[in-house]
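A.B. asks:
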Amino acid sequence: MKFTKLSTLLASAALAVSGTVALAADYTLTISSWAPPTHGINAKMWPKFVEMVEEATDGKVTAELKLGIAPPPAQMDLIMDGAADASIIFHGYQPGRFVTTKMIELPGYEGSAEAASVAYWRTYDKYLKAADEHRGVKVIALHTHGPAQLHSSSPVTKLDEVSGLKVRIPGGVGGDVGTALGATGIQVPAPKVYETLASKAADGVVMPFESRKGFKLTEVAQNVYEVPGGLYRGSFAFIMNEDTFADLPADVQAALEEKVFGESLSREIGKIWDEIDAIGREATEQTEGNAINAASAEDLEKFNAIAADVRAKVIEEVNGTGVDAQAAYDMIVNEMAAQ
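Using mature numbering (1 follows the signal peptide of the UniProt record, and there is no 0), the letters of the sequence shown correspond one by one to residues -24 to -1, 1 to 315.
#1: Tell me the rounded alpha-carbon separation between A259 and D227.
#2: Taking only the alpha-carbon atoms, compute the straight-line gap between G151 and L173 and give it to the nearest angstrom.
#3: Comparing C-alpha positions only, which one of K142, V164 and A156 sits nearest to A178?
#4: Measure the C-alpha to C-alpha separation of Y96 and G87 and round it to an integer number of angstroms.
#5: CA-CA distance, E40 and T4?
#6: Run the CB neighbour count on A301, radius 10 Å, all protein chains shown included, and call it buried at 16 or more, exposed below.
#7: Less than 8 angstroms between the C-beta atoms of L135 and D275, yes or no?
#8: I'd like to confirm the pairing. Which residues does DSSP put opposite L245 in its beta bridges?
#9: Can you give the Cα-Cα distance for P146 and L232, rounded to whole angstroms?
#10: Threshold first: 4 residues or longer. Then list the alpha helix (DSSP H) segments lying entirely within the segment 239 to 284, N to C.
#11: Taking CB distances under 8 angstroms as the criterion, tell me whether L43 reaches chain B.
#12: Taking 8 angstroms as the limit between beta carbons, can you name the residues of its chain near N217, skipping five residues before and five after?
#13: Can you list, in chain order, the stretches of the beta strand (DSSP E) that have 3 or more residues and sit fully within the segment 51 to 86?
#14: Quick check on the DSSP output: what are the complete beta strand (DSSP E) runs of length 3 or more inside the segment 113 to 171, in order along the chain?
#15: Just to confirm, is the Cβ distance from H121 to S242 under 8 angstroms?
#16: Beta-carbon within less than 7 angstroms of V164's beta-carbon, same chain only, minus the 5 sequence neighbours each way: which residues are those?
#17: When DSSP labels each residue in this structure, what does A(-11) get in the three-state scheme?
#18: Going by C-alpha to C-alpha distance, which of K78, V182 and W22 sits closest to E244?
#19: Mind checking which residues open and close the alpha helix (DSSP H) that includes V94?
#20: Mapping DSSP to helix, strand and coil, what is Y305?
#21: If you draw a straight line from the alpha carbon of S128 to that of P83, how long is it in whole angstroms?
#22: Given K289, which residues of its chain have a CB within under 8 angstroms of its CB, disregarding the five upstream and five downstream residues?
#23: Just to confirm, are M79 and Y305 a CB contact at a threshold of 8 angstroms?
#24: Please give the ranges of any alpha helix (DSSP H) in the segment 193 to 225, keeping only runs that are unbroken, at least 4 residues long and fully inside the region.
In structure tokens:
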């Protein structure tokens, strides 16, 4: 991907997410994003990325955000082809392409999205990247969303009531858990959940609390069934075109690697997800007709047994890639506990 001088992009200034004086930039990255304009990914995460990039490079590099270039499942190929310089991908949208990423999605982890994201990056660096599942792009951060819960139009107050429901569930571990609970899975990208629920094509969705605000679930899924630790955690990566990075001057590359990419950016993105999860919970509590139903101790015991079975199956699956899945799992648990 060839860079474009910012002076030729001033017509697109309305979409810029740079935080310093843009005219000083020598290089402008094009960011492709699939989330709604006001979602935390676009409103908070990408601006934080640009702020960190500009600060690390003394303003030599900035970025502009473009929405709707391609649907969520196409972002990986979009970046590989050089149609944009950077993007965010959700691994569950591409079943079969990513396997080791399921390690961070497992139910039962205790801790914040920030702690999970830091643990994820460290475990990826030590174990998971050996599988080379992101070949063709440069991984610059990894993160998770907060614990995913069931959001439904009708109240769900018991775990057994999930069986038979038509539920939008993403791929990856979310799909494994949905199947184990007896739900009929419907796979649609996150930007389509509102219309899917509004049209009654699904009874509910399994997503983190931020979706109450980010995808307006307070309007179409007024009820939340909450399991401590969540039903799963979604896995994301911030990725960059390899040629884009290679074309940057050596000193700029070094600054980005040292000050932005990897654990630093992963931590900041995870921290933001904790923030937007809190916003989503607050929106639920303040919206008339919305309710949060906590799982009972009996239901939690049932779910823990289901979660243990899912973990065993995923660990076996990841072992098949040549990665020591049990060691990776143990590292995630220990790293999250240490945060």
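Positions of the beta carbon are idealized from the N, C-alpha and C atoms, including for glycine. None of the values given here were measured: they were computed from a predicted structure.
C.D. replies: According to the data block:
#1: Numbered from 1 along the sequence shown, position 283 holds the residue referred to as residue 259. Numbered from 1 along the sequence shown, position 251 holds the residue referred to as residue 227. Approximately 44 angstroms between the Cα atoms of the pair.
#2: Position 175 of the sequence shown, counting from 1, holds the residue named residue 151. Position 197 of the sequence shown, counting from 1, holds the residue named residue 173. The alpha-carbon atoms of G151 and L173 are separated by roughly 18 angstroms.
#3: Position 202 of the sequence shown, counted from the first residue, corresponds to residue 178. The shortest C-alpha separation from A178 is found at K142.
#4: Reading the sequence shown from its first residue, position 120 is the one you call residue 96. Reading the sequence shown from its first residue, position 111 is the one you call residue 87. Cα atoms of Y96 and G87: separation of roughly 12 angstroms, rounded to the nearest angstrom.
#5: Position 64 of the sequence shown holds residue 40. Position 28 of the sequence shown holds residue 4. Using only the alpha carbons, I get a separation of about 7 angstroms.
#6: Taking the first residue of the sequence shown as 1, we reach residue 301 at position 325. Label assigned to A301: buried.
#7: To locate residue 135, count along the sequence shown from 1; it is residue 159. To locate residue 275, count along the sequence shown from 1; it is residue 299. Taking 8 angstroms as the Cβ cut-off, L135 and D275 qualify as a contacting pair.
#8: Taking the first residue of the sequence shown as position 1, residue 245 is located at position 269. Residue identity differs from the one stated: residue 245 is Ile in this sequence, not Leu. Paired residues: none, contrary to the question.
#9: Numbered from its first residue, the sequence shown carries residue 146 at position 170. Numbered from its first residue, the sequence shown carries residue 232 at position 256. Straight-line Cα distance between these residues: approximately 32 angstroms.
#10: As summarised for the segment 239 to 284, the continuous alpha helix (DSSP H) elements at least 4 residues long and confined to that stretch are 239 to 262, given in chain order.
#11: Absent from the structure: chain B. Only one protein chain is present.
#12: Here residue 217 is taken as the residue at index 241 of the sequence shown, counted from 1. Cβ within range, chain order: M(-24), I55, M56, G58, A60, D61, A62, V113 and K114.
#13: 62 to 66
#14: 113 to 120, 125 to 128, 142 to 144 and 160 to 162
#15: Stepping through the sequence shown from its first residue, residue 121 is reached at position 145. Stepping through the sequence shown from its first residue, residue 242 is reached at position 266. Between H121 and S242, the C-beta spacing is not below 8 angstroms.
#16: Locating residue 164 in the sequence shown gives position 188, counting from the first residue. Here the set comprises R144 and T172.
#17: Taking the sequence shown and counting its residues from 1, the one referred to as residue -11 is at position 14. Confidence is the limiting factor: at A(-11) the pLDDT is only 37, short of 50, which leaves the residue's position unreliable, though a coordinate-based value still follows. Three-state result, A(-11): helix.
#18: Position 268 of the sequence shown, counting from 1, holds the residue named residue 244. Per the Cα distances, W22.
#19: For the purposes of this step, residue 94 is taken as residue 118 along the sequence shown, with counting starting at 1. Looking at the DSSP string, the run of the alpha helix (DSSP H) that includes V94 is A89 to K102.
#20: Here the question's residue 305 lines up with position 329 in the sequence shown. In this structure, Y305 counts as helix in the three-state DSSP scheme.
#21: For this step, residue 128 is matched to residue 152 along the sequence shown. For this step, residue 83 is matched to residue 107 along the sequence shown. If you take the alpha carbons of S128 and P83, they lie about 20 angstroms apart.
#22: Against the sequence shown, residue 289 aligns to sequence position 313. Excluding residues within five positions, the ones whose Cβ falls inside 8 angstroms are D152.
#23: Within the sequence shown, residue 79 is the residue found at index 103, counting from 1. Within the sequence shown, residue 305 is the residue found at index 329, counting from 1. It is a contact, given that the beta carbons lie within the stated cut-off.
#24: Taking only runs of at least 4 residues, the alpha helix (DSSP H) segments lying wholly in the segment 193 to 225 are 193 to 196 and 218 to 222.
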